[in-house]
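Colleague: Chains as they are written, first to last, in the working numbering: chain L, 1 to 382; chain Y, 383 to 764; chain X, 765 to 1146; chain A, 1147 to 1528.
From the three backbone atoms N, C-alpha and C, an ideal C-beta is built for every residue, glycine too.
Model, not experiment: these values are computed from the prediction.
#1: Taking 8 Å as the CB-CB cut-off, is residue 1492 of chain A touching chain L?
#2: Which one or two residues does DSSP pair with residue 527 of chain Y in a beta bridge?
#3: Less than 6 Å between C-beta atoms, sequence neighbours within five positions excluded: which residues of the same chain meet that for residue 500 of chain Y?
#4: Taking 7 Å as the cut-off, does the CB of residue 841 of chain X come closer than this to any heavy atom belonging to the ligand GTP?
#5: Any Cβ of chain X within less than 8 Å of the Cβ of residue 471 of chain Y?
#6: Residues of chain Y with CB closer than 7 Å to the CB of residue 795 of chain X, please, in chain order.
#7: Tell me which residues of the stretch 1429 to 1440 of chain A have at least one Cβ-Cβ distance to chain X shorter than 7 Å, keeping chain order.
#8: Helix, strand or coil: which one does DSSP assign to residue 1126 of chain X?
#9: On a Cα-Cα basis, can you pick out the residue from A:1306, A:1271 and A:1301 that is closest to residue 1294 of chain A?
#10: When DSSP labels each residue in this structure, what does residue 1073 of chain X get in the three-state scheme?
#11: Under the rule that 16 or more other beta-carbon atoms within 10 Å means buried, what is residue 1064 of chain X, buried or exposed?
#12: Just checking: is the beta-carbon of residue 732 of chain X within a distance shorter than 8 Å of some beta-carbon in chain A?
#13: Is the CB of residue 1400 of chain A under 8 Å away from at least one CB in chain X?
#14: Rounded C-beta distance between residue 418 of chain Y and residue 584 of chain Y? I'm assuming under 8 Å.
#15: Output, in chain order, the set of chain Y residues within a Cβ distance shorter than 7 Å of residue 312 of chain L.
#16: In chain Y, what lies closer than 9 Å to residue 916 of chain X by C-beta?
#17: Consult DSSP for residue 1090 of chain X and reduce its assignment to one of helix, strand or coil.
#18: Whether or not the stretch 709 to 718 of chain Y and the stretch 319 to 339 of chain L are in contact is what I'm after, with contact meaning three or more pairs of Cβ atoms, one per stretch, closer than 8 Å; do they touch?
#19: Please return the same chain residues whose Cβ sits closer than 8 Å to the Cβ of residue 527 of chain Y, not counting the five positions on each side in sequence.
#20: Can you give me the C-alpha to C-alpha distance between residue 947 of chain X and residue 798 of chain X, rounded to a whole angstrom?
#21: Do you know how far the Cα of residue 1400 of chain A is from the Cα of residue 1141 of chain X?
#22: Residue 723 of chain Y versus chain X: which residues are under 9 Å apart at the beta carbon?
#23: How should residue 764 of chain Y be labelled, buried or exposed, when 16 other C-beta atoms within 10 angstroms of its C-beta is the threshold for buried?
#24: So which of L:196, L:114, L:150 and L:350 has the shortest CA-CA distance to residue 161 of chain L?
#25: DSSP beta-bridge partners for residue 118 of chain L?
#26: Relative to the C-alpha of residue 1387 of chain A, which residue among A:1191, A:1223, A:1338 and A:1166 is closest?
#27: For the structure I just gave you, are there three or more beta carbon pairs, one from the stretch 63 to 76 of chain L and one from the stretch 102 to 113 of chain L, closer than 8 Å?
#28: Helix, strand or coil: how does DSSP classify residue 1354 of chain A here?
#29: What residues in the stretch 1463 to 1482 of chain A bring their beta carbon closer than 7 Å to a beta carbon of chain L?
#30: So what's residue 1100 of chain X in DSSP terms, helix, strand or just coil?
#31: Under the three-state reduction of DSSP, which class applies to residue 1319 of chain A: helix, strand or coil?
#32: Taking the alpha carbon of residue 1352 of chain A as the reference point, which residue from A:1268, A:1404 and A:1409 has its own alpha carbon closest?
#33: Checking contacts by CB at 8 Å: is residue 371 of chain L closer than that to chain A?
#34: Identify the contact partners of residue 352 of chain L in chain C, using a Cβ-Cβ distance below 8 Å as the criterion.
#35: Taking 8 Å as the threshold (beta carbon to beta carbon), is residue 763 of chain Y in contact with chain L?
#36: Determine the chain A residues that contact residue 360 of chain L at a beta-carbon separation under 9 Å, and present them in chain order.
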């Protein structure tokens, strides 16, 4: 049931274990109260894992994709919300370090371990990342301003900075977007409604209205479409898949424990669902590992993935988000009432609730439709 | 929709294309008449692809696992039966070259491109590869004899040699097996019943009663359990998965063609099933590629895979056999009546019929149960 | 595994048994050669079952919906093609007797047991029953003519009459349709292409170009939309579901036989798939029975079903067409190689091939989309 | 989306509406705090619906199975826990009125609207209803005692009486069971652990250790196997299926609302999942209605259902428990983040959590295995 152990240096495994323990200790309380996992994020900061994706020369850990996926998996086994916050933050941080390496705030962001939220969702665009209603506006003293109604701003209340998308200008098309990194003190935040949801409750992903005034040099100097294609989509899909694989692995581990307990009293007890759940986990791991390998060369070179690679990433997102849910449900069947319980060593309730969020993060239907279009366009057969 | 192009040297791709064309030309007739694909097998012999898995020093092509999987895929796109015969034969050949390299018949077998069938199934053992009823018996002049009722002996009537499993001796346990390679002229074959089946009709896998008299040096000098674990299971699972992936890829290609045709008249036509089928194919490819990579080190070193690797191979077999069936059914939905037809460029009928054999080749339930036992035994958590 | 035995009078059960036996005797040959099941249709004529749906006062058997569904099921257990031909013919006959009871040809059609095909499909309308390109044209001597390219005209070459849809006149909208019953001698038929397909091969549903000249009184005196809503859709959906349930029941019977055989040698053998397949069959039977009951009052009164009833019929079509396929695949898993064989008492190959046609007969996606619209429109909540 | 409206007399619909409103008002609080829905149970008492299943001559409402199923559905739409408590209580009450009509406590139980819990589960019997470890023991003054460790005693802390199973005597086989109705003051209850679980949180189904001293005339005068077969299994399976259908119907209603909202802004928005969810609901309703009809004659006559009917009830339990989960998940997909929220009119979170309990209430695997055995035994073919 192990993931790719051996990918992280032993000292990193130790640091990871420290964070995981903090995350585990607070996980039940975080979930119950739908509160920010402050303890675990503090540990991420103290161990440096909060800047895992930033290159060493900028003060980060400089981890590659396989190592990052491993971290996502291991965190998720203990606290899905912590893992997802970490994964989202790495994505935003990667956008910054790769597409705006000369950003004036970057040194401080890395040194202080700023937690960066994203404000890419927006009321009225129907969940389309690549479309904005809000736009940059001229502000005082050559600066800029924007105002945006974000529908799900994960850890919005607890972030130190925000990566916000907007149309380049008031007369730009909805798809002519830029991204800008604004700091906590540059924004006025107004939470809209609460975050009392089924799972991933610690991500505190409420709606927020955000007003910001900032300098023009805080706008990332490449179009957001480049940022999204070259960094945001690949990193988020791979790390999300890592998080979901970790949840799935933990569900299988708990199911195996429950099955072992039962087998102790009845050695002939057949547990076909366990073989099924485990096989699905292995398939998911295989697909995730293959996607990491396929994406790595383009990612390391800073290139946008090809259409084919993009389709592979979409397929991974769909498969992993559905896979974790199937595996968690099989685990529930195996664990029975012990799995249905919210607590105890064979509980899979929180894992299952967290897993239900996976198919909703960018609708799978949208991704499959995009892939169908890619296939229809690629006439060449090989 | 391409598989791992670039894995084969260009001249091998050319040879492969020659065989594939022969296979394609005869495929409909082979299927209709449930007859041996003699043309394609002749082309395999002429191109040398029939000894693809044998090392160069023995006169083979010395292809590694990734290249072999590529060949299986490409053959399957044109004729599933040819691909499956080739895959099974490679498995048997690999057992011979790896576990009996000093076999007296090996040089001739490679030089002449012998086609090797396996007689591992047996009436009365319930499909358990690792269990035999028949046993070796003393024959004339220090030789040995055996008589075996094989339940499915693929291309039994057209093989040049047979890899037969049996108990080591009349008083051995059912699991104390050896394998022996007997030649066509050393056996008496009696076909039992016909091979008029749903799909993979060209494999001609009827039941056969086989009587053989042979020399003691034809018995592979290691226990069959070693042969099975180190070679037969890994090679067959990987190459079968390659065959099924090829069938699936061809189904997706045909579905894309049908969808394109329809989109021509109605550009807004949504084909969500196409995105789904393609995503499943990408997932299958990812899982297969990851399994090849995971198995390669042990395979190249001649070691038996670990329990964990064995579980991964079982998981691959289950996923690929179910995946090809799902993909073929999605393709049928997309292609509609054109897919339901037995002929035409958007037909998926034969692919679907061939795919239905996949879950039956070693029952998936048996493999999942084995995996469940592996999980129950592996207490270590990582 | 029985269906609703007891619904038919004993003498009808006897007649049905006679036909079923004829159908069974020819089924393999009909399937192999994709030829019309002439023997079974002759037996339908001789027993009077060919006019089962026609009221007694017109010379028919006057069977109600439950009895008709029973006949469909029982025929399908022996020969899917015969059952489907019978079901389609009953549908056409019901349209005639219910919507054109004064038709001049009706007495002869019933007395002679005419087999009535439908020409509702048409090239260029994308499978939409309620849309026609062809239209009625004025012919010689006050008569009418039409010419139509039907894409799938089941038993077109062997029918005695044809129920053809067309636009009412050359300047009518595509949805302003009528139906007309033309006789064999009034038409010129030209088969387009062959019918060499995966399953339901005996229905001989090739494409046909049909030219007809006929009297104006042969046009059904109500709009086709009424015929379709009040009779064609409900009768076809219920009888198709009957056919598929029969195929499913036969698959379960064969799987039970195979499982019993295995249990004979190993009494502890678990067959979870058998419980699953049987439970699905029971569910399908329940849903079918409930739909028959729900539709009966409107049907007997000659009224069009409500939107809600229409949605229930669509849901039945989708569930039964997917259910029979699932059940047949479970049966194949249980029967193993004996099920994969095209012949033998545990063969499920032909059942499975026939079942693959079910989701394609009016695409399920189209029906579910129609239901979604119905739900969106029905604001009333209870 | 309505169920079988019209089955209840209008005045009963009104009473039902009163209870449903109470249940709805408290549902969120009941769920959040995993507390007993006291308000709703009070309303059940005040309206008389608490004795719905008791015959009129005993002071009950005398409702038949179709009406009872309707009540279960309607309650479940507002509060799953209330509906499940009501369904379980009706089951226990039915056992009492049908198998011990002369019970001395029965008049008071009906008149006061006692809530009856069941203590049928027991530690150490692996979830097998028909097997007990505990047994009746001789007590003081000709009375009896028992002590039992129940693993899930729904509303154990809030019940007025308990239907407890036990072996008839200390030397009886584990399957030689009786049932006894003991009153609250006759028992000592000790709760073991808490009830903090994924869903159906208001049922408060903790483990309880129960000690009771009671009169010999409180033992039901027929073997428990008769009680179980003739009453407990049929009533519970039908009413549970009613509860789950109600949850499913509510999920579809909410999904339709969300889809309508979206369609308002984008009228061309396709919602294929809505058609799918609705079709599944209709199928479930059909199967449930058919099962009610099939069971009614035997139930009304007080006979045990045949093996075939038992299999149909098991199939219903499996289909309904899996169906509600599928439908709830489709609804979540349709509602997106609004569905993921724990509150709001398009929330499906609680429904989904409640639905996850359905497959666990008597394991589906156990029921399918029982059905497989029934099929293997029933050699008659029709």
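Modeller: Quick look at the numbers:
#1: no
#2: Y:519 and Y:595
#3: 474 and 545
#4: Inclusion of the ligand GTP in the displayed structure is not the case, the ligand content being empty and no account of it being possible.
#5: no
#6: What residue 795 of chain X touches in chain Y: nothing, since even the nearest Cβ is about 12 Å away.
#7: 1429, 1432, 1433, 1435, 1436 and 1437
#8: coil
#9: A:1271
#10: helix
#11: exposed
#12: Outside the displayed range of chain X (765 to 1146) lies residue 732 of chain X, so it cannot be described from this structure.
#13: no
#14: 6 Å
#15: 664
#16: 719
#17: helix
#18: no
#19: 518, 519, 520, 521, 593, 594, 595 and 596
#20: 25 Å
#21: 14 Å
#22: 957, 958, 959, 960, 961 and 962
#23: Note that residue 764 of chain Y has pLDDT 40, beneath the 50 cutoff, so the model's placement of it is unreliable and the number below is only indicative. Result: exposed.
#24: L:114
#25: L:163
#26: A:1223
#27: no
#28: strand
#29: 1478, 1479 and 1482
#30: coil
#31: coil
#32: A:1268
#33: no
#34: Absent from the structure: chain C. Protein chains present are L, Y, X and A.
#35: Note that residue 763 of chain Y has pLDDT 45, beneath the 50 cutoff, so the model's placement of it is unreliable and no number is given.
#36: 1478, 1479, 1482, 1483, 1485 and 1486
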